[in-house]
Each structure stands twice: as structure tokens, then as C-alpha cells.
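The block underneath contains the structure these notes are about, expressed in C-alpha cells.
There are 2 protein chains.
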Amino acid sequence: MGNLSYAILGTGALGGFYGAKLQKAGNEVHFLLNSDYQQVSQNGLIVESKDGDFLLPQVNAYNNVNKMPSCDVVVVALKTTQNHLLTQIVPPVVKNNGIVLVLQNGLGIETEVVQIVNNVTVIGGLCFLCSNKVGAGHIHHLDYGKITLGEYALNYHPVGITARMRAIAKDFENAGIEIELTEDLLLGRWKKLVWNIPYNGLSVILDATTDELMTNLYTRTLVEQLMFEVQLGAKSTGRILPDSFIHTMLEYTVNMKPYRTSMKIDFDENRPLEVEAIVGNPLRIAAANDFSLPLIRCLYQQLKFLDRRNSL
Amino acid sequence: MGNLSYAILGTGALGGFYGAKLQKAGNEVHFLLNSDYQQVSQNGLIVESKDGDFLLPQVNAYNNVNKMPSCDVVVVALKTTQNHLLTQIVPPVVKNNGIVLVLQNGLGIETEVVQIVNNVTVIGGLCFLCSNKVGAGHIHHLDYGKITLGEYALNYHPVGITARMRAIAKDFENAGIEIELTEDLLLGRWKKLVWNIPYNGLSVILDATTDELMTNLYTRTLVEQLMFEVQLGAKSTGRILPDSFIHTMLEYTVNMKPYRTSMKIDFDENRPLEVEAIVGNPLRIAAANDFSLPLIRCLYQQLKFLDRRNSL
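Top to bottom, those sequences are chains A and B.
Under our numbering, the residues of the first sequence are numbered 8 to 319, in order.
Under our numbering, the residues of the second sequence are numbered 8 to 319, in order.
What follows is the structure, given as C-alpha cells:
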């Protein structure tokens with residue numbers, strides 16, 4: 008394919024970071040913005056990063072998708088709580104035979120995306136990124152950045168490593184972003200949920216950082232029980248996560264620096280929580296396959312209560 | 008029996024209220040106090056009550072059980088978090104062939120009490136009381152007050168209505184306290200847990216009043232699911248709670264005034280939570296009978312985390 012053009016839908020901590028890295032490496036990138044549009048169209052983007060700070064004084068900034076050119080790759084970098092906008096903003100910017108790259112957490116989003124576009128490949132990307140937006144057009148990249156890419160096919164049927172995945176991987180790697188390719192996007196998404204469901208959920212419910220959850224024996228056990236329920240959810244869709252993966256995740260988190268999860272940050276900033284994508288969709292997908300996940304359902308109910316009150 | 012004498016172990020919002028009512032009605036009452044001892048031994052007890060305020064300028068106040076006379080009825084009115092003291096404070100004050108009346112929440116406490124006294128009848132009392140201690144020796148009775156009494160026998164075998172229960176009931180009724188007698192103490196305790204486990208637990212975890220929990224559809228459903236797990240716990244000990252009882256409790260709570268539960272008050276006041284008596288013991292008793300209660304266990308783990316952090 009070569010020389011892919013990129014549209015970044017949602018120029019925040021995640022979309023702004025990856026988009027800026029791609030442009031810096033020489034790719035054509037178009038940024039959709041909302042509240043930061045004025046600032047960014049005049050002054051560009053600033054990225055402070057542990058890998059080196061840089062400034063892009065001039066970027067292609069838009070506040071309206073209909074003014075954007077069609078691009079080879081449309082990067083969905085909104086929070087999933089904004090996904091009701093996708094039907095309006097994705098179709099105008101994606102080329103025929105183009106790619107929609109969904110860089111979001113949770114489950115079931117690719118299934119929604121294929122329903123709103125035709126002749127388009129949908130690729131899911133799981134980002135391990137620690138980044139904040141600290142001001143308009145100003146991104147602070149704290150750590151990590153790796154993306155696991157997997158191509159979507161009907162019902163998450165695994166399709167192996169495709170040429171399109173490799174093309175995107177090449178651009179991102181050129182831009183200094185570590186990429187892993189997975190033959191099974193759904194397996195990758197469940198693996199990420201093993202971490203995301205317990206830590207995002209309990210961090211909000213108990214107002215806790217990851218280290219607090221792991222130091223207390225009761226919540227450590229609860230985290231583990233929740234992880235085993237995610238394993239059961241994966242099994243309900245025919246994906247096997249070995250017990251050793253769960254033990255690795257627990258060990259990994261014990262050894263991490265104390266961490267405030269993304270859902271906790273959203274909660275503290277009074278933003279809507281990604282409860283449906285991260286907790287509700289896995290629950291519903293497991294239920295559709297006749298698996299009940301009682302602890303995850305309990306977390307879901309508690310989070311829905313807190314999310315609603317937080318929005319009042 | 009006639010003319011029973013009473014020792015009140017724990018002269019707080021509950022023990023102070025019932026003890027004062029008994030003394031006002033002419034019973035001999037001895038009050039064990041801790042921090043309020045000086046104040047109460049000099050100035051007595053004040054009860055502000057929706058049923059009429061009254062002052063007892065002179066009460067039998069003690070700060071040491073060994074100075075108290077042996078009484079016919081020893082009323083355990085401490086919080087269950089203080090129950091490690093029972094081995095020291097109950098035996099010295101209870102007459103041979105006397106009664107220990109346990110006015111505490113939760114499960115399994117009578118079993119502990121019979122292990123520390125001989126030749127004594129143990130009666131459990133379930134209090135439906137809304138009362139606060141607003142100052143030293145100063146009690147504010149807001150609402151309710153009814154007590155359900157049931158006599159304990161080995162393994163909570165139901166023993167029907169006994170003469171001792173009737174004798175206590177007579178004194179309390181003379182003092183203006185509504186009494187219900189139950190033939191099956193364990194059934195009564197499980198019934199109370201149908202309310203106490205979901206509302207006490209979730210009110211602390213979600214920082215919520217009863218009306219907030221019932222207005223939100225997600226937590227309302229969670230409350231109901233927790234109630235059905237309590238029903239399962241009761242079943243594990245051979246006690247049948249009909250579904251209609253659960254629906255009555257839900258309806259009753261919807262129609263109550265917004266209420267801050269006793270566990271939430273303890274939490275807000277930085278006092279230890281009665282997690283073990285109210286949540287841990289039911290879990291362990293069900294587990295010993297091979298019943299698992301996953302949602303109640305999840306609540307327990309969350310509460311243990313919060314209780315520990317609250318005590319730091």
C-alpha cells in the first residue's frame with residue numbers, strides 16, 4: 008500500500024499522541040478536534056514525552072469531518088462513551104477499501120463499526136499507553152505506548168496476519184511505536200479485559216490505586232476472582248486464556264508503580280465512564296452464550312450507579 | 008420470675024435507650040459505661056425521644072463489671088466489633104440461671120455467648136431502632152424501637168415461646184417497648200439480614216442512602232439479588248424465607264424515609280464496621296453447609312478493604 012494517509016478522530020491524550028508521532032515520521036495526518044480546534048489550528052501540537060519532547064507547529068486541523076479529505080486509515084481515538092457519533096463521523100473520512108483502526112478499550116466495538124461502513128477493513132488496536140492531555144493541543148506522554156493490532160472478521164473469526172495489518176504496523180514502527188500483531192483480535196481483547204475489568208472497576212468503586220488493591224488480601228482475592236470470570240467470558244466465545252496468564256497479570260500489577268486507572272481518572276474528572284464497552288459488553292456477550300458472570304455483573308451495577316451520580 | 012434486675016453492657020444509643028426506658032418503668036437497672044462514666048454517674052441519662060423526652064438524674068453507673076451486682080438479665084448492647092470483651096464482662100454480672108439478652112446485629116453471636124457462660128439462658132433480640140448518642144449520657148431516639156425476641160438452643164434449634172421470653176417481654180412492654188416473640192431465633196436473624204446485608208453493605212461501598220439505592224435501577228436490582236442470596240444462606244441452615252418476604256422488604260424500603268444505615272454511620276464516624284457479624288458470619292455459616300454466596304462474598308471483600316483503610 009505505501010504512504011498511507013491518516014485521519015485521527017479524537018485528538019486527545021491517545022489520538023493526539025499517536026497522530027503526532029505519525030506526522031513527525033513523515034505521514035500525512037488529518038486531525039479532527041472539538042474544543043481544542045482554535046488552539047491547534049493556530050499553534051499545532053506539543054508532545055512532552057519520556058522518549059523526547061517535540062512540537063508540530065503546523066498540523067491539518069478540522070472541526071468538521073465534512074471538510075476532511077478521505078483517508079486510507081481512519082483512527083477512532085474517541086472514548087467509547089462518544090461512540091454514538093461514529094455513524095456521523097466515520098463514513099465521510101474513510102476511503103473506499105480503506106481501513107478503520109479502532110484504538111479503544113472494551114469489547115464489541117468492531118462489530119458496531121462494520122455496520123456503519125462498506126468496503127472497509129476494520130482493525131482493532133489495543134493500546135498500552137499512559138498519556139494525559141494537559142492543555143489544549145498539549146499532550147504529556149508518561150510511559151508505554153505499544154499497540155497490539157488484530158484484523159476483524161465477521162463474528163471475530165480469527166484471520167491471521169494480513170497485509171493491511173503489516174502496512175499499518177510499518178508506519179507506526181517507523182514512527183517509533185512498538186507494534187505487536189495478533190492473529191486473533193477477540194483473544195487479544197479478552198486478554199486486555201483481564202486487567203481492565205477488575206482494576207478499572209474496583210479503582211472507581213473503592214477509590215483505590217492498583218497497589219492498594221493488591222496490598223489488601225481481600226481485594227487481591229476479589230481481583231483474582233474477577234479475572235477468572237473474564238477467563239470464563241472468553242471461554243463463552245471459544246477463546247482459552249490459560250490460568251498462567253492470570254497469574255502473570257497479578258504479578259505484573261504487584262510490580263507496577265502505583266497506578267490510577269483510566270476509568271478512575273475519568274471518574275475524578277467527572278467524565279462519563281466507559282462502563283458499557285469495558286464491562287457491559289463482555290457481560291452481554293457472555294450472557295448471549297449462556298454464561299453468567301455474577302461478580303462482573305455486580306461491578307457493572309455498582310459502576311452504573313456511580314457513573315450516573317457522577318454525571319448529575 | 009417477676010422483678011427482674013438488668014445489667015446493660017454498653018450504654019450507648021441502643022443500650023442507653025432501652026436501659027433508661029426500663030429504669031423509668033420501675034425496673035432495677037445497672038449501666039456499664041466507658042468514656043461517659045463520669046458524666047453519667049454524676050448527672051444521669053437524658054433521653055430525647057419522639058415518644059416523649061425524659062431525664063433520669065440518678066442511675067447505677069459503673070466503669071468496671073467487677074463492681075456490678077449479679078443481675079437476672081445481662082443485656083449485651085455493645086457493637087459486635089467489641090465482642091472480644093464478652094469473655095471478661097459477661098460472666099461476672101450474670102446470675103446463676105440468669106439470662107443473657109444479646110441485642111446485636113448479625114449471625115452466630117449467641118453461639119459465641121453460650122461458650123463463655125454456664126447455667127444461663129441466651130436470648131437473642133433483633134432491634135428495629137433508630138437512635139443516636141448525641142453527647143455523653145445523652146440519647147436521641149428518632150424512630151421505631153421494636154424488639155423481636157427468640158431463645159437460643161444448641162445449633163439454633165427452635166424452642167418455641169418460653170417463660171423467660173415472656174418475662175422479659177412483660178418488662179419491656181411495661182416500659183413502652185413493642186415486643187414480638189419468635190419461635191425460631193435463627194429464622195428471625197436471617198430475616199433481619201435480608202435487609203441488613205444489602206443496605207448496610209452498599210450504603211458504605213457506594214456512599215449512598217437507602218433511597219438512592221432504590222431509585223437507581225442497577226443498584227435496586229443488585230439489592231434484590233443480594234436478598235436472594237441471603238435467602239439461599241437461610242436455606243443452607245434449613246430456614247425457608249418466602250420470596251414474598253423479599254418483595255415486602257423492597258417495597259418497605261422504597262416507602263421509607265431516606266435512611267443512612269448504621270454501618271454507614273459507623274463508617275462516617277471512623278468507627279470499625281460490623282462486617283464480621285453482619286456479612287462474614289453468614290458467609291461462613293453458609294459455606295460450612297456447602298453453599299456459596301458470591302455476591303455477598305464480593306460485598307464482604309469490598310467492605311473489608313474499606314474498613315481497613317478507614318481505620319488507618
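Where a beta carbon is used, it is the ideal one built from N, C-alpha and C, also for glycine.
Computed from a predicted structure; not experimentally measured.
Pair within 9 Å by beta-carbon distance, residue i and residue j
i	j	result
LEU133 of chain A	PRO165 of chain A	no
VAL83 of chain A	GLN111 of chain A	yes
ILE272 of chain A	ASN90 of chain A	no
LYS86 of chain B	ASP150 of chain B	no
LEU302 of chain A	LEU302 of chain B	yes
VAL211 of chain B	THR268 of chain B	yes
GLY105 of chain A	THR128 of chain A	yes
LEU248 of chain B	VAL237 of chain B	yes
ASN203 of chain A	GLY115 of chain A	no
ALA182 of chain B	LEU29 of chain B	yes
GLY131 of chain A	GLU119 of chain A	no
PHE298 of chain A	GLY240 of chain A	yes
MET256 of chain B	MET234 of chain B	yes
GLY22 of chain B	PHE38 of chain B	yes
MET172 of chain B	LEU156 of chain B	yes
GLY17 of chain B	ILE146 of chain B	no
VAL100 of chain B	CYS78 of chain B	yes
Where the beta strand (DSSP E) through residue i begins and ends
i	result
ASN103 of chain A	101–109
ALA68 of chain A	67–69
PHE135 of chain A	128–142
GLY152 of chain A	145–158
GLU236 of chain B	Premise fails: GLU236 of chain B lies in the alpha helix (DSSP H), 224–243, not in any beta strand (DSSP E).
LEU300 of chain A	It is not in any beta strand (DSSP E) - LEU300 of chain A carries neither H nor E in the DSSP assignment.
VAL83 of chain B	78–83
LEU52 of chain B	52–56
is_contact[residue i, chain A] using C-beta, thresh 9 Å
i	result
PRO301 of chain B	yes
ALA215 of chain B	yes
MET8 of chain B	Because the pLDDT of MET8 of chain B is 43, which lies under 50, any placement of that residue in the model is unreliable, and the number read from its coordinates should be weighed accordingly. No, MET8 of chain B lies away from the interface with chain A (no Cβ there is under 9 Å from its Cβ).
ASN223 of chain B	yes
LYS311 of chain B	yes
TYR266 of chain B	no
THR88 of chain B	no
GLU119 of chain B	no
LEU220 of chain B	yes
ILE204 of chain B	no
ILE212 of chain B	yes
Residue i, buried or exposed, once every other Cβ within 10 Å from all chains shown has been counted against 16
i	result
LYS198 of chain A	buried
GLU258 of chain A	exposed
LEU92 of chain A	exposed
SER243 of chain B	buried
GLU158 of chain B	buried
PRO289 of chain B	buried
HIS148 of chain B	buried
PHE4 of chain B	Chain B is shown only over 8 to 319; residue 4 of chain B falls outside these bounds and no answer can be derived.
ASP275 of chain A	exposed
PHE61 of chain A	exposed
PRO265 of chain B	exposed
VAL261 of chain B	exposed
LEU136 of chain A	buried
GLN95 of chain A	exposed
PRO76 of chain A	exposed
CB contact below 9 Å: residue i versus chain B
i	result
GLU283 of chain A	no
ARG315 of chain A	yes
ILE253 of chain A	no
TYR307 of chain A	yes
GLN238 of chain A	no
THR260 of chain A	no
LEU229 of chain A	yes
Anticipated Cβ contact below 8 Å, residue i with residue j, distance rounded
i	j	result
VAL66 of chain B	GLY51 of chain B	5 Å
MET270 of chain A	GLU281 of chain A	6 Å
ALA27 of chain A	VAL54 of chain A	5 Å
TYR163 of chain A	LEU192 of chain A	6 Å
Enclosing alpha helix (DSSP H) for residue i [first to last residue]
i	result
PHE252 of chain B	250–262
ASP178 of chain B	170–181
ASP61 of chain A	The sequence given here places Phe at residue 61 of chain A; Asp does not occur at that position. No alpha helix (DSSP H) contains PHE61 of chain A, which is instead part of the beta strand (DSSP E) from 61–63.
GLU35 of chain B	No alpha helix (DSSP H) contains GLU35 of chain B, which is instead part of the beta strand (DSSP E) from 35–39.
TYR13 of chain B	Per DSSP, TYR13 of chain B belongs to no alpha helix (DSSP H); it is in the beta strand (DSSP E), 12–16.
LEU188 of chain B	Unbroken run through LEU188 of chain B is the beta strand (DSSP E), 186–188; no alpha helix (DSSP H).
The ligand SAH heavy atom lying under 8 Å from the CB of residue i
i	result
LEU52 of chain A	Summarising the ligand content, the structure contains no ligands, and the ligand SAH is consequently not present.
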